[in-house]
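S.K.:
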Amino acid sequence: MTTLTIGLLLVCALIALVLLGMQIAYALFTVAFAGIWIIRDNIGLAFRMLELTVYSGIADYLFATIPLFVLMGLLVSVSNVGRDTFEVAEHLLRRVICGLGVATVAANTIFAAVTGVSIASAAVFTRVAVPEMRRHGYRASFAAGTVAGSSVLGMLIPPSLLLIIYGVLAEVSIGGMFIAGIVPGLLLAGGFVTMLITVTALFPGFVLTDPGASRERRLDRDIDPMPAGQMIGKLIPIVLLVVLVLGGLYTGYFTPTEAGGVGAFGAFLVALSRRSLDRHKLWQVMKQTGVISVSILLLLIAASFYSRMLSIAGLPNAIAGLVSDTGLGPFGFLVFCALIILIMGMILDSTSILLIMVPITAPIAQSMGIDLSHFGIVIVIAVEIGLLTPPFGISVFTVHNTLNDPTVSVEQIFAATLPFIAVMLCVLALVILMPGAATVFL
Numbered sequence: 000m001t002t003l004t005i006g007l008l009l010v011c012a013l014i015a016l017v018l019l020g021m022q023i024a025y026a027l028f029t030v031a032f033a034g035i036w037i038i039r040d041n042i043g044l045a046f047r048m049l050e051l052t053v054y055s056g057i058a059d060y061l062f063a064t065i066p067l068f069v070l071m072g073l074l075v076s077v078s079n080v081g082r083d084t085f086e087v088a089e090h091l092l093r094r095v096i097c098g099l100g101v102a103t104v105a106a107n108t109i110f111a112a113v114t115g116v117s118i119a120s121a122a123v124f125t126r127v128a129v130p131e132m133r134r135h136g137y138r139a140s141f142a143a144g145t146v147a148g149s150s151v152l153g154m155l156i157p158p159s160l161l162l163i164i165y166g167v168l169a170e171v172s173i174g175g176m177f178i179a180g181i182v183p184g185l186l187l188a189g190g191f192v193t194m195l196i197t198v199t200a201l202f203p204g205f206v207l208t209d210p211g212a213s214r215e216r217r218l219d220r221d222i223d224p225m226p227a228g229q230m231i232g233k234l235i236p237i238v239l240l241v242v243l244v245l246g247g248l249y250t251g252y253f254t255p256t257e258a259g260g261v262g263a264f265g266a267f268l269v270a271l272s273r274r275s276l277d278r279h280k281l282w283q284v285m286k287q288t289g290v291i292s293v294s295i296l297l298l299l300i301a302a303s304f305y306s307r308m309l310s311i312a313g314l315p316n317a318i319a320g321l322v323s324d325t326g327l328g329p330f331g332f333l334v335f336c337a338l339i340i341l342i343m344g345m346i347l348d349s350t351s352i353l354l355i356m357v358p359i360t361a362p363i364a365q366s367m368g369i370d371l372s373h374f375g376i377v378i379v380i381a382v383e384i385g386l387l388t389p390p391f392g393i394s395v396f397t398v399h400n401t402l403n404d405p406t407v408s409v410e411q412i413f414a415a416t417l418p419f420i421a422v423m424l425c426v427l428a429l430v431i432l433m434p435g436a437a438t439v440f441l
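All letters in the sequence shown, in the order written, are residues 0 to 441 by numbering that gives the first Met the number 0.
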């Protein structure tokens, strides 16, 4: 049996272990250790490579980016910035068709620029947006689907944990990945807004409980007006955080790690100024930050070990040769990778997909002359779609569990996210066809 065959079998074994319920980090460690041992017939070498990987896997100063951005996102969540952002968007967009749906997308877009975690967005806006949309005559399933669909913006609009993880795995600049995510993220948000207005105008029964309601009602004009001063007061914290973090990062004044530190401190000051952070909440935020960060860093160590095993097996080079022989070319390879990830998204979570696929595909993409920042955006958009597709659909299940309404089934929420999936597929195709959408500012 050749090393290539062993490598392919080990990748299949990894996917099988994850599907059987083993945590992805342990599955990566197990498969990588077994692979090195079998391929080199040397258990001592396997232990030695494990030792080197554990030390070097996260020794870089850059990895401090992860806990800092996680901390910033959690502090922003407890300070009710998401609720205030939605209320302002609700007021400004009250004269637009499907105004509350558009407000949810707009608020999620802004909220994503300071959190980077889709699950956080889904949980926050389920509590904030869904009750308000239902009060104004929107179907409960549509309201929940709008929150779930727009929550995926947190994984593309920088700062994003998925972009950080991809940057680490593919060994590309995290700041560059953040810049590459700007235009595709805005395209996605704009596509969602256009879709909501179009669907409401053409198929009001899909959106409203009473499609025969007057136009005044459908435009949500009965929303209470908000004084300009109150609007500015609600927006100042999040605008300052966005300008501070992303402005400093894109101008080159901050490194990604420094931007995370400044952002976390700014979010801490916002939470204190709003008196939403007592000792109990602070402890919970710090504990959650530790749990999430350690989990991600452990995954990155495991992925680095797995990547070394793949290199020893010669799998990336062998697959690159096969791709070259089939004549797919860069475009065909991007489409092929996107299709594989879309299928994997139905059964695996987003982080697992990145950890399994990027160590294999990124070297191949680079050898074919594909810009790794462009490739990363394609991968992340495809992974994002998996957040909404059954049976895994973690964003949908987050909304369903947070809503906790027996009259709204998870199947109804999945159905309501289908238009969002259609928009995401269109943006994915556009980014594949037009690499400049991701690389224009690089």
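Cβ coordinates follow ideal geometry from the N, Cα and C atoms, glycine included.
Predicted model only: the values in this text are computed from it and were never measured.
Among the candidates Met423, Ile420 and Val395, whose CA atom is the shortest distance from the CA of Gln411?
M.R.: Val395
S.K.: Using a Cβ-Cβ cut-off of 6 angstroms (strictly less than) and excluding sequence neighbours within five positions of Gly166, which residues of its own chain qualify?
M.R.: Ile173 and Met176
S.K.: Considering only residues of the same chain and omitting the five flanking positions on each side of Ile300, which have a CB-CB separation below 7 angstroms?
M.R.: Shown here for Ile300: same chain residues with a beta carbon closer than 7 angstroms to its own, the five before and five after excluded, namely Thr52, Val53, Gly56 and Ile57 in chain order.
S.K.: Under DSSP, the alpha helix (DSSP H) around Asp83 begins and ends at which residues?
M.R.: Val80 to Leu91
S.K.: In the DSSP assignment, what residue or residues form a beta bridge with Tyr137?
M.R.: Leu207
S.K.: Between which residues of its own chain and Gly406 is the CB-CB distance below 8 angstroms, once the five residues before and five after are set aside?
M.R.: Residue 406 is actually Thr in this sequence, not Gly. Taken in chain order, the residues that qualify are Ala139.
S.K.: What is the residue span of the alpha helix (DSSP H) that Tyr165 lies within?
M.R.: Leu160 to Ala169
S.K.: Please classify Asp486 as buried or exposed, where buried requires at least 16 neighbouring CB atoms within 10 angstroms.
M.R.: A query on residue 486 cannot be resolved here, the shown segment of the chain reaching from 0 to 441 and no further.
S.K.: Among Trp36, Ile96 and Ser76, whose alpha-carbon lies nearest the alpha-carbon of Val513?
M.R.: Here the chain comprises residues numbered 0 to 441, so residue 513 is not present and cannot be evaluated.
S.K.: Are Gly115 and Pro158 close, meaning C-beta to C-beta below 8 angstroms?
M.R.: yes
S.K.: Who are the near neighbours of Thr145 in its chain, counting only those whose CB is closer than 6 angstroms to its CB and skipping five residues on each side?
M.R.: Gly100 and Thr103
S.K.: Comparing C-alpha positions only, which one of Phe62, Tyr25, Pro226 and Leu186 sits nearest to Val426?
M.R.: Leu186
S.K.: Thr84 and Ile237: beta carbons closer than 8 angstroms?
M.R.: yes
S.K.: By the 10 Å Cβ neighbour count, where 16 or more other Cβ atoms means buried, how is Thr193 classified, buried or exposed?
M.R.: exposed
S.K.: For Thr397 and Gly344, which I take to be in contact (beta-carbon distance under 8 angstroms), what is that distance rounded to the nearest angstrom?
M.R.: Contact flag wrong, Cβ pair sits at about 15 angstroms.
S.K.: Hey, how far is the Cα of Ala147 from the Cα of Asn41?
M.R.: 48 angstroms
S.K.: Distance check for Gly43 and Leu314, CA to CA, integer angstroms please.
M.R.: 22 angstroms
S.K.: Going by CA-CA distance only, name the one from Arg47, Arg82 and Tyr305 that's closest to Thr125.
M.R.: Arg82
S.K.: Within the same chain, show all residues whose beta-carbon is closer than 6 angstroms to that of Val69, passing over the 5 residues directly before and after it, in chain order.
M.R.: A distance below 6 angstroms between beta-carbons, with the five flanking residues on each side excluded, links Val69 to the following residues of its chain, in chain order: Thr288, Ile291 and Ser292.
S.K.: List in chain order: all unbroken alpha helix (DSSP H) runs of 4+ residues lying wholly within the region 304-345.
M.R.: 314-325 and 328-343
S.K.: By DSSP, does Pro66 sit in helix, in strand, or in coil?
M.R.: helix
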